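Asker: Sharing a structure, written as structure tokens. Questions coming.
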Amino acid sequence: MKKRIATVSLAGCFGCHMALLDIDERLLDLLQSVEFDRSPLNDLKKFTRRCDIGLVEGGCCNEENVHTLREFRRNCDVLIAVGQCAVMGGLPVMRNAIMHSEDPLRECLETAYLNSDKIYNPSNRIPNDEALPLLLDKVYTLAEVVKVDYQIPGCPPSGDTLWYTLSALLAGKPVELPYELLRYD
Amino acid sequence: MSKEFTFEIDGRLVKAVQGDTIMQAADAAGVYIPRLCDTEGLEPQGSCRVCVVKQNGRSVSACTQPAIADSKVENETEEIQGYRRNLVRMLYHEGNHLCPICEASGRCELQAMGYRLGITQATKYPYLQPVRPVDASHPDIVLDTNRCIFCGRCIRASRDIDGKHVFEYVGRGIHKRVGVNGDRLAQTNVELTDRAIDLATCPVGCIIQKGKGFFAPIGQRQFDHKPISLGVAAVDPEEAE
Amino acid sequence: MAVKQPMNDQERVAFIDQVCRRYQFDRSRLMDILLDIQAELNGIEAPLMEAVAQRLSITRVEVEGMVSFYAFFSAHRQGEIVIRVSNDIVDRHAGAEEVARIFSEELQTPIGGDSEDGRFSLEFIPFLGMSDQAPAAMIGATILTRLTPEKVRTICARLKSGVAPSDLIEHYGDGNNAHPLVCAEVENGIRQRGDVLLCEGIVDGAALDSALRRTPDDLLAELSESGLTGRGGAGFPTARKWRVAADTAAERRYVVCNADEGEPGTFKDRVLLTERADLMVEGMTIAAYVIGAEAGIIYLRGEYAYLRAYLEDVLRQRRERGLLGETIAGREGFDFDIRIQLGAGAYICGEESALLSSCEGLRGEPKNRPPFPVESGYLGYPTVVDNVETFCCAARIMELGGAWFGGFGTGRTTGTKLFSVSGDCARPGVYELPFGITVQDLLDLVEAPDAAAVQVGGPSGQMINSGQFERRLCLEDLPTGGSVMVFSLHRNILEIVDHFLEFFVEESCGYCTPCRVGNVFLKKRIEKVRKGLCGAEDLGYLQELGKTISMTSRCGLGLTSPNPVISTIRNFPLVYAALLKSNGDGLEPSFDIQHALEESRRLAKRRSMIYDPTYDDA
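So the sequence lines, in the order shown, correspond to chains C, Y and Z. Counting with numbering that gives the first Met the number 0, you get residues 0 to 184 for the letters of the first sequence. Counting with numbering that gives the first Met the number 0, you get residues 0 to 240 for the letters of the second sequence. Counting with numbering that gives the first Met the number 0, you get residues 0 to 617 for the letters of the third sequence.
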């Protein structure tokens, strides 16, 4: 029976999803043994049934990220944090370094939307539409929010690294990346 | 006449001369003991603890502990490697180590130690995410102390080789940091030619030479293909020219 | 009190010059130089560091390294009077927080800051050494005990009206606390006098007299027979220490007395320094005779600065009586003198090699061992470092014999021990009892019928439960340097653990990775356990982290700092179990979405569409 895989990008840049495409023609081999469920690759926005593997790119910077991540945890047997943002926060986590002020989130938003001379924002307002998910007080890694079964570091992990990891998992073998495939950048 | 003797590292017989540290004897025998604060040409200080080994069952830092005749040293056992992973993780979580945007990525010894020890999986260690200053006042040198791991190599190089004592530890505990001899680096007599500023001195991306970021392309960097070990130094000096 | 005119810049530099000259521009006396500057100028700012550095031919950052290491030095100008409230757990239970709050309100001085008029500074210090008369505070060098809100308000009113700290004392304590050179409110709190140290009738000079009639070898044999082990807590055989120092070839040797009694809950050295100073110096003098030392140092913790003048006087008198200095007791070639090195607020300096670093004018960081201090200690010379109580015991052994001393205690831990008992008991104080006494026997003596937990050996020791009170206080079972803290059923065990971890985080020197970082991680996780944000697997995490810290740390601080966690997980499992959440759903219990959204809700002035369940009704 084919294994079901779900993927999602939270506070990431979709670079890890691009890297998944970097497995090139091996994608055809992969599709022999797996089916994609919820994923931006097929535009399925909801789980159709329980999945064997969930691949999550990006960390959590807003409430929707948390909600989605928890959904993935509930619906996937094995949950994999893919890429540096999912593993340790990545570039978005740089906002945590201003966290130690009195009013950190305000400082972050004001720097992003109001107080920088690099910004064109004629309304001079911080976006606050009801449809916008609320930001978390700081950026969290996946493992801080749910139990994570595996982490694949890299920014992004190479196609080879992703291929190696998925092949091992699908074959039911332990994932031990060879030296050349283990990268934090 | 110095007395010679032998001892064992992970079952392998190693020669030593009276007064050798475990590290010296291991290096001479071609046995690699992982390390971060210890480096060729500087007095060992035993602070990072990554070189922890068990000597006759007692844990010691290999860079400072004298070798003992007929002793048994455990180096790359599962237990010791576990401690080392934890120590390297502590250093990662203590500072702000954003490998994807760091000039030292690929030649960073902390990163390379993570690779060598196979650190990939999640821990419960919290990220401390400190707010530390970047000092770019000097015309040739930048200090991004967010990446400092307190190995003290710049301190010892500046004090013992350059004779300048530009750097020193200040503060204590988790607030300990490397201070410079002035309000800013530009006020000190540090120079690009100092040993303290040599790319091989800072194991991470804390001391950066201006205009020399990302000099080696990905795939040709120090640790891209070979794990950190004896003879695979932090940076190839010719590469950096 | 006459208001001191602040010095102008020129005068300050001239003063620094004078201080450096006082110590012959000797870099190894940097500790004393900075102490004198801090005392006079209330701070050591960057230009002053520069001035010191120039005179000692070192760099400013070296001076900054020192100033920033010790809690009693300040890189900014503090108030003229610094108030330091003891923040150990027993003082906290006795109301230290309220005491600090009242000081803060009355003197308009934030805790951890200075008053706007520059007159006062207020801070917590980890442990003052007065937990048998808690809560206590140090005002300048003056110690005030048994503080109540009422008493603090009176103190504040008097301070504001210009009364000097030393004039705040209304009555003197017992014994030498009332000595004109001490004049302290401190009480000795001696509850039980044993046969070795606190007994009456110890004849001054008797030990030295008897020692000088015998050869050093003979004395070492006597010491060895006594079985005396170090009283600081580690329990190393004293005779072996002295023997190595004596046998190591060297031009000079040193004898150093560790009076840096910093382990929270220990205050017995305070009593010995007050009542048995001569005996202690005699022990040091005998050690000097045995190992062949000409100089010694008493490292007196900064918190006990109020005893300094008295101790200097003891030394002076002994010099006058020919018991110290040149040709001691008329013995040609036996010269030995002692200086007092004051500390400046660093627990780690109780570790012998860190103590020596401090004496050498360095940051109080432990040294790499080997070489051990007995081979290469102070300034690189063989040095015996022993605790106050150890030197006192050694002196008594030389007078009355090793066999006599060995008659007290257990097989491996001979002699009597001074226990400092504090916490939830009717009779806190100092008890001299033979080693090997059970915890229960001690609890009976101190009248603690409600004891539910006892911390033996201070934060770095073990916390035991009431089922373990039959255990014995000795090296074979429960070792202690003297600290015994009693906690009743009403105390929150994890609050105590959290507080001990805070202490270690605060006092870690930061030299090595596991102690510097690992203790912070332990504390953060215990905070989450206390908030009910942890699962069962977090206990395994704490234990593994604790093991890494103790296995890889460089000195005793990191070796023992996980003990509060490790010993309570073992001895109080139900306390943890009651707070742990199950996380069968795969969610991390430590992640709190409501907390993570709080600030955002406030800024956006709206509620969450996902996590505020009543959103639709709003």
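All C-beta atoms, glycine included, are put in the ideal place defined by N, C-alpha and C. Bear in mind that the values here come from a model prediction, so they are computed numbers and not experimental data.
1) Who does C/L33 pair with in a DSSP beta bridge?
2) Just reading off the beta strand (DSSP E) that Z/E388 is part of, what are its end residues?
3) Give me the chain Z residues within the contact set of Y/S136, using Cβ-Cβ distance strictly less than 9 Å, ordered along the chain.
4) Tell me whether the segment 194-208 of chain Z and the segment 223-233 of chain Z touch, counting them as touching only if at least three CB pairs, one residue from each stretch, are closer than 8 Å.
5) Counting only runs of 4+ residues fully inside the segment 67-118 of chain Y, write out the alpha helix (DSSP H) ranges in chain order.
6) With 8 Å set as the bound, which would you pick, yes or no: does the beta-carbon of C/C154 sit closer than that to a beta-carbon of chain Y?
7) Can you name the residues that DSSP bridges to Z/M484?
8) Taking three-plus beta-carbon pairs below 8 Å as touching, is the segment 501-515 of chain Z in contact with the segment 551-558 of chain Z?
9) Helix, strand or coil for Z/P236, going by three-state DSSP, please let me know.
10) For Z/R275 and Z/V202, what's the separation of their Cα atoms in angstroms?
11) Indicate the three-state DSSP secondary structure (helix, strand or coil) for Y/Q54 in the structure shown.
12) Could you tell me whether the Cβ of Z/P369 comes closer than 8 Å to any Cβ of chain Y?
13) Between C/K146 and chain Z, is the shortest Cβ-Cβ distance under 8 Å, so that the two count as touching?
14) Distance check for Z/V453 and C/N61, CA to CA, integer angstroms please.
15) Measure how close the beta-carbons of Z/A304 and Z/F72 come, nearest whole angstrom, since I'm counting them as under 8 Å.
16) Using a Cβ cut-off of 7 Å, pull out every chain C residue sitting near Z/A595, in sequence order please.
17) For Z/P372, count neighbouring Cβ atoms within 10 angstroms of its own Cβ and tell me buried if that reaches 16, exposed if not.
18) Looking at the structure shown, is Y/T38 part of a helix, part of a strand, or coil, going by DSSP?
19) If contacts are defined as beta-carbon pairs under 8 Å, then Z/L521 and Z/L493 qualify, I think. What distance do you get, rounded to the angstrom?
20) Give the C-beta separation of Z/S459 and Z/T559 to the nearest angstrom, bearing in mind that I take them to be a contact with Cβ-Cβ under 8 Å.
21) Does any C-beta atom of chain Y lie closer than 8 Å to the C-beta of C/N95?
22) Okay, do the segment 163-172 of chain C and the segment 22-30 of chain Y touch, 3+ Cβ pairs below 8 Å being the bar?
23) Can you list, in chain order, the residues of its chain whose CB lies under 8 Å from that of Z/G234, leaving out five sequence neighbours each side?
24) Starting from the beta carbon of C/E175, find every residue of chain Y whose beta carbon is closer than 8 Å, and list them in chain order.
25) Please decide whether C/Y178 counts as near chain Y, where near means a Cβ-Cβ distance under 8 Å.
26) I need the boundaries of the alpha helix (DSSP H) containing Z/Y430, first residue and last residue.
27) What is the DSSP secondary structure of Z/T437, reduced to helix, strand or coil?
28) Take Y/K175 and list the residues in its own chain whose beta-carbon comes closer than 8 Å to its own, dropping the five residues that flank it on each side.
29) Between Y/C204 and Y/L191, what straight-line distance do the alpha-carbon atoms span, to the nearest angstrom?
30) Taking all protein chains shown into account, decide if C/M0 is buried (16 or more other Cβ within 10 angstroms of its Cβ) or exposed.
31) Quick one, which residues of the segment 65-95 of chain C are near chain Z if we go by CB-CB under 8 Å, in chain order?
32) Using beta carbons (cut-off 8 Å, strictly below), is Z/R524 in contact with chain C?
33) Z/I57: buried (16+ other C-beta within 10 angstroms of its C-beta) or exposed?
34) For Z/L47, which option in Z/A70, Z/S114, Z/G64 and Z/R11 has the closest C-alpha, if you only look at C-alpha atoms?
35) Return the residue from the list Y/E39, Y/G94 and Y/L41 that minimises the CA-CA distance to Y/I173.
36) Compare the C-beta of Y/A103 against all C-beta atoms of chain C and say whether one is closer than 8 Å.
Answerer: Judging by the given coordinates:
1) The sequence as given places Val at residue 33 of chain C; Leu does not occur at that position. DSSP output for C/V33 lists C/K2 as bridge partner(s).
2) For Z/E388, there is no enclosing beta strand (DSSP E); the residue is part of the alpha helix (DSSP H) that begins and ends at V387 to L399.
3) For Y/S136, none of the residues of chain Z pass the 9 Å Cβ criterion, the least Cβ distance being about 15 Å.
4) Not touching, per the Cβ criterion.
5) DSSP runs (the alpha helix (DSSP H)) wholly in the segment 67-118 of chain Y: 77-93 and 108-115.
6) Cβ-Cβ to chain Y under 8 Å: yes for C/C154.
7) Z/S421 and Z/Q454, per the DSSP bridge assignment.
8) Because the criterion of three Cβ pairs below 8 Å is met, the segment 501-515 of chain Z and the segment 551-558 of chain Z touch.
9) Strand, per DSSP.
10) Near 11 Å, if we compare the C-alpha coordinates of Z/V202 and Z/R275.
11) In the structure shown, Y/Q54 falls within a strand segment according to DSSP collapsed to helix, strand and coil.
12) Yes, Z/P369 counts as interfacial toward chain Y.
13) It does; some Cβ of chain Z falls within 8 Å.
14) Computed Cα separation, rounded: 46 Å.
15) About 14 Å separates the Cβ atoms of Z/A304 and Z/F72, ruling out a contact at the 8 Å cut-off.
16) Correct list: L135 and D136.
17) By the neighbour-count rule (16 or more Cβ atoms within 10 Å), Z/P372 is buried.
18) DSSP places Y/T38 in coil when its eight states are reduced to three.
19) At roughly 12 Å, the Cβ-Cβ gap does not stay under 8 Å, so Z/L521 and Z/L493 are not in contact.
20) Rounded, the Cβ-Cβ distance is 4 Å, consistent with contact.
21) Yes, contact with chain Y.
22) Touching, no.
23) Apart from sequence neighbours up to five positions away, the residues of its chain that approach Z/G234 with a beta-carbon distance below 8 Å are T228, T412, L474 and P478, ordered along the chain.
24) By Cβ distance, chain Y contributes G117.
25) Among the CB atoms of chain Y, one or more fall inside 8 Å of the CB of C/Y178.
26) Counting along the chain, Z/Y430 falls outside any alpha helix (DSSP H), though it belongs to the beta strand (DSSP E) covering G428 to P433.
27) If DSSP states are grouped into helix, strand and coil, Z/T437 belongs with the strands.
28) Once the five neighbours on either side are set aside, the close Cβ partners of Y/K175 are F149, Y168 and V169.
29) In the sequence on display, residue 204 of chain Y carries Gly and not Cys. Taking the straight line from one Cα to the other gives about 15 Å.
30) Exposed, since its Cβ has fewer than 16 Cβ neighbours within 10 Å.
31) Cβ contacts with chain Z: V65, H66, R69, R72, R73 and L78.
32) It does not; no Cβ of chain C falls within 8 Å.
33) Answer is buried; the Cβ neighbour count reaches 16.
34) When only C-alpha atoms are compared, the closest one is Z/R11.
35) Of Y/E39, Y/G94 and Y/L41, the residue nearest in Cα terms is Y/G94.
36) Judged by the 8 Å Cβ criterion, Y/A103 is not in contact with chain C.
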